[in-house]
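Below is the structure:
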């Protein structure tokens with residue numbers, strides 16, 4: 038594609054990120070007859086997972102299949118997908134420019150849906166098993182491991198709550214405090230009340246046999262488990278928003294970009310949705326938020342359409358008076 042391709046100009050909305058939130062927004066905006074381009078690098082957060090759960094109508098579907106179906110759907114409404122990375126964004130004279138390897142896109146509005154990356158504890162076997170034998174969300178994977186021996190490897194003091202949550206799915210839960218240390222009195226009592234085993238000591242690795250987790254190595258001992266639930270450090274992929282000067286707010290997980298209830302950032306014409314601004318958003322939530330934000334963006338564009346027509350009308354009136 039030539040960098041002079043005029044099809045990259047006069048776009049209503051560019052969406053950076055083609056995950057559930059971005060594609061959901063693209064579907065609604067395409068159906069609203071907006072000119073939309075989705076720029077997607079093809080690196081979804083849940084790529085390692087074979088199946089997703091808790092998504093109404095799609096329970097058990099693979100994440101990649103959901104995105105494939107979404108891409109097919111938005112194409113029906115004229116939404117274009119550029120399978121590239123957005124390398125830079127700028128706001129110039131009320132026009133937003135998005136740089137990709139295919140050229141610079143000029144758009145009226147920008148929606149950032151770039152998601153986040155999960156940073157795992159530096160324990161041998163964690164990365165290898167991530168999305169299969171090592172998981173995080175009980176509502177995504179708890180049912181599949183009901184009645185299994187469930188290991189919970191702590192990454193923060195809040196991991197005690199994760200262990201208590203997993204007790205809903207199995208009466209054989211083992212909590213590994215790891216470097217966090219022994220739970221304090223009240224937390225320890227609560228674990229004991231629900232029959233949750235506590236194994237103190239540093240976790241040195243996960244034992245894997247035939248590509249499956251069979252145990253956790255801790256303080257020189259092998260503790261058999263069938264799955265490991267753990268916490269991660271979520272790293273939002275918000276570099277483009279930071280480059281535009283979007284307002285952030287510090288929290289327990291560090292600075293995150295601030296949005297209003299409609300997904301609008303502090304940068305005029307720039308919106309954000311999904312995990313890039315909300316660590317809690319699972320697939321179902323992202324689908325809903327994408328639709329909600331799309332409606333807000335379309336409303337904003339309608340207001341802008343009216344303002345443009347008024348400006349044009351005033352310009353015509355001045356010309357007629359001058360003539």
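In my numbering, the protein residues as written are 38 to 360. Glycine is no exception: its CB is placed at the ideal position from the N, C-alpha and C atoms. Nothing here was measured: the structure is a model prediction, and the numbers come from that model.
Between residue i and residue j, how many whole angstroms is the CB-CB distance? I'm expecting something under 8 Å.
i	j	result
residue 22	residue 116	Nothing about residue 22 can be reported from this structure: the residues present for the chain run from 38 to 360 only.
residue 228	residue 220	6 Å
residue 268	residue 182	Not really, about 17 Å apart at Cβ, beyond 8 Å.
residue 311	residue 56	6 Å
residue 103	residue 95	6 Å
Assign residue i to buried or exposed, taking buried as 16 or more other Cβ atoms, counted over all protein chains shown, within 10 Å of its Cβ.
i	result
residue 159	exposed
residue 347	exposed
residue 53	buried
residue 287	exposed
residue 294	buried
residue 277	buried
residue 71	buried
residue 164	exposed
residue 192	buried
residue 166	buried
residue 357	exposed
residue 302	buried
residue 194	exposed
residue 63	buried
residue 151	buried
residue 355	exposed
residue 232	exposed
residue 126	buried
residue 38	In this prediction, residue 38 scores a pLDDT of 40, lower than 50, which makes its location untrustworthy; the coordinate-derived value is nonetheless stated afterwards. Residue 38 comes out exposed.
residue 352	exposed
residue 324	buried
residue 170	buried
residue 86	buried
residue 343	exposed
residue 318	buried
Name the DSSP beta bridge partners of residue i, please?
i	result
residue 153	273
residue 187	210 and 264
residue 244	252
residue 82	Paired residue(s): none; residue 82 is not in a bridge.
residue 134	127 and 143
residue 292	287
residue 165	In the DSSP output, where bridge partners are listed per residue, residue 165 has none listed.
residue 63	The partner list for residue 63 (beta bridge, DSSP) is empty, contrary to what the question assumes.
residue 310	DSSP lists no partner for residue 310.
residue 72	None, per the DSSP bridge assignment.
residue 148	52 and 308
residue 119	76
For residue i versus residue j, is the C-beta spacing smaller than 7 Å?
i	j	result
residue 146	residue 306	yes
residue 144	residue 119	no
residue 173	residue 189	no
residue 326	residue 69	no
residue 289	residue 153	no
residue 320	residue 132	no
residue 209	residue 235	no
residue 66	residue 107	no
residue 308	residue 340	no
residue 206	residue 179	yes
residue 292	residue 284	no
residue 251	residue 260	no
Can you tell which of the options has its C-alpha closest to the C-alpha of residue i?
i	options	result
residue 44	174, 139 and 316	139
residue 237	211, 246, 250 and 243	211
residue 48	252, 233 and 135	135
residue 240	201, 233 and 255	255
residue 279	314, 162, 206 and 105	314
residue 332	345, 300, 353 and 244	300
residue 248	196, 162 and 184	162
residue 124	175, 257, 109 and 274	274
residue 266	81, 201 and 90	201
residue 296	355, 218, 246 and 149	149
residue 83	74, 73 and 98	98
residue 215	114, 243 and 61	243
residue 81	351, 100 and 309	100
residue 122	250, 74 and 352	74
residue 223	205, 245 and 198	198
residue 328	86, 88 and 111	111
residue 298	330, 318, 338 and 316	330
residue 176	157, 218, 88 and 114	88
residue 258	225, 230 and 213	213
residue 316	142, 114 and 155	155
residue 217	196, 225, 230 and 226	196
residue 128	322, 350 and 304	304
Is any non-hydrogen atom of the ligand SAH found closer than 6 Å to the C-beta of residue i, if you look at the structure I gave you?
i	result
residue 77	Inclusion of the ligand SAH in the displayed structure is not the case, the ligand content being empty and no account of it being possible.
Counting only beta-carbon separations shorter than 7 Å, does residue i have a partner in chain D?
i	result
residue 170	The chain labelled as chain D is not found in the depicted structure, where only one protein chain is given.
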